[in-house]
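First comes the structure, then the notes that go with it.
In this note's numbering, the protein residues as written are 26 to 178.
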């Protein structure tokens with residue numbers, strides 16, 4: 026089985042935005058530590074210092090699929106899901122705070138479902154991108170069936 030790597034399409038943009046936000050936050054912190062009078066922009070810069078790592082965590086995630094299973098990589102965490110541990114692969118809509126995405130979710134017996142870091146599609150994305158995600162999920166399900174069949178044989 027040829028390994029496949031899924032990455033998020035918007036990763037480059039998110040890295041640029043996060044770098045700008047981190048720079049803004051760092052400059053705000055430096056200015057405050059040097060005794061500058063705090064204002065709204067400094068407070069906003071410090072808030073971005075807290076938010077930027079979450080943006081990077083979501084956008085830099087990737088998923089690798091090979092003969093051993095599915096390997097999910099996120100900033101500061103890595104998980105491997107062996108084929109024999111996976112019971113189902115579905116596409117679910119995940120929303121929070123007015124934003125959402127369609128994600129591929131792995132179900133395992135006796136454990137909570139886990140969304141994969143990539144691929145995912147924003148809920149406002151085009152129909153073509155959504156159908157592409159459904160195709161990728163179908164490919165993962167076919168690989169799951171093939172791994173089960175080879176494990177049984």
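Using N, Cα and C, we set each Cβ at its ideal position, and we do this for glycine too.
Segment limits, beta strand (DSSP E) that includes residue 99: Taking the first residue of the chain shown as 1, we reach residue 99 at position 74. Run containing residue 99: 94-99, per the beta strand (DSSP E) assignment.
Segment contact flag, the segment 63-71 with the segment 103-111, C-beta cutoff 8 Å, min 3 pairs: no
Buried or exposed (CB count within 10 angstroms, at least 16 for buried), residue 144: Numbered from 1 along the chain shown, position 119 holds the residue referred to as residue 144. Classification for residue 144: buried.
Proximity below 8 Å, CB of residue 132 to CB of residue 120: For the purposes of this step, residue 132 is identified with residue 107 of the chain shown, where counting begins at 1. For the purposes of this step, residue 120 is identified with residue 95 of the chain shown, where counting begins at 1. Residue 120 is positioned such that its CB atom lies no closer than 8 Å to that of residue 132.
Distance cut-off 7 Å: residue 158 Cβ against heavy atoms of the ligand MN: You won't find the ligand MN in this model; it holds no ligand whatsoever.
Identity of the residues DSSP links to residue 50 by a beta bridge: As a first step, residue 50 is located in the chain shown; it is residue number 25 there, counting from the start. In DSSP, residue 50 forms no bridge with anything.
Between the CA atoms of residue 118 and residue 90 - distance to the nearest angstrom: The residue given as residue 90 occupies position 65 in the chain shown. The residue given as residue 118 occupies position 93 in the chain shown. Each residue's Cα considered, the two are about 22 Å apart.
At least 3 beta-carbon pairs within less than 8 Å: the segment 94-104 vs the segment 55-62: In this structure the segment 94-104 does not touch the segment 55-62; the number of beta carbon pairs closer than 8 Å is below three.
Beta-ladder partner(s) of residue 113, from DSSP: Residue mapping note: residue 113 aligns to position 88 of the chain shown, counting from 1. The partner list for residue 113 (beta bridge, DSSP) reads 132.
Cβ separation of residue 126 and residue 84, assumed to be a contact under 8 Å, to the nearest whole Å: The residue you call residue 126 lines up with position 101 of the chain shown. The residue you call residue 84 lines up with position 59 of the chain shown. Contact doesn't hold; Cβ gap of about 11 Å is too wide.
Supposed contact pair residue 77 and residue 43 - C-beta distance, whole angstroms, cut 8 Å: In the chain shown, residue 43 corresponds to position 18, counting from 1. In the chain shown, residue 77 corresponds to position 52, counting from 1. 4 Å between Cβ atoms; contact.
Through-space distance from residue 151 to residue 170, alpha-carbon basis: The count along the chain shown starts at 1 and reaches residue 170 at position 145. The count along the chain shown starts at 1 and reaches residue 151 at position 126. C-alpha separation (whole angstroms): 29 Å.
Bridge-paired residues (DSSP) for residue 155: Within the chain shown, numbered from 1, the residue matching residue 155 stands at position 130. Per the DSSP secondary-structure output, residue 155 pairs with nothing in a beta bridge.
First and last residue of the uninterrupted beta strand (DSSP E) at residue 141: In the chain shown, residue 141 corresponds to position 116, counting from 1. It spans 139-147 - the beta strand (DSSP E) in which residue 141 sits, taken as one unbroken run.
Cβ neighbour criterion (16 or more within 10 Å) applied to residue 30: By one-based count along the chain shown, residue 30 stands at place 5. Classification for residue 30: exposed.
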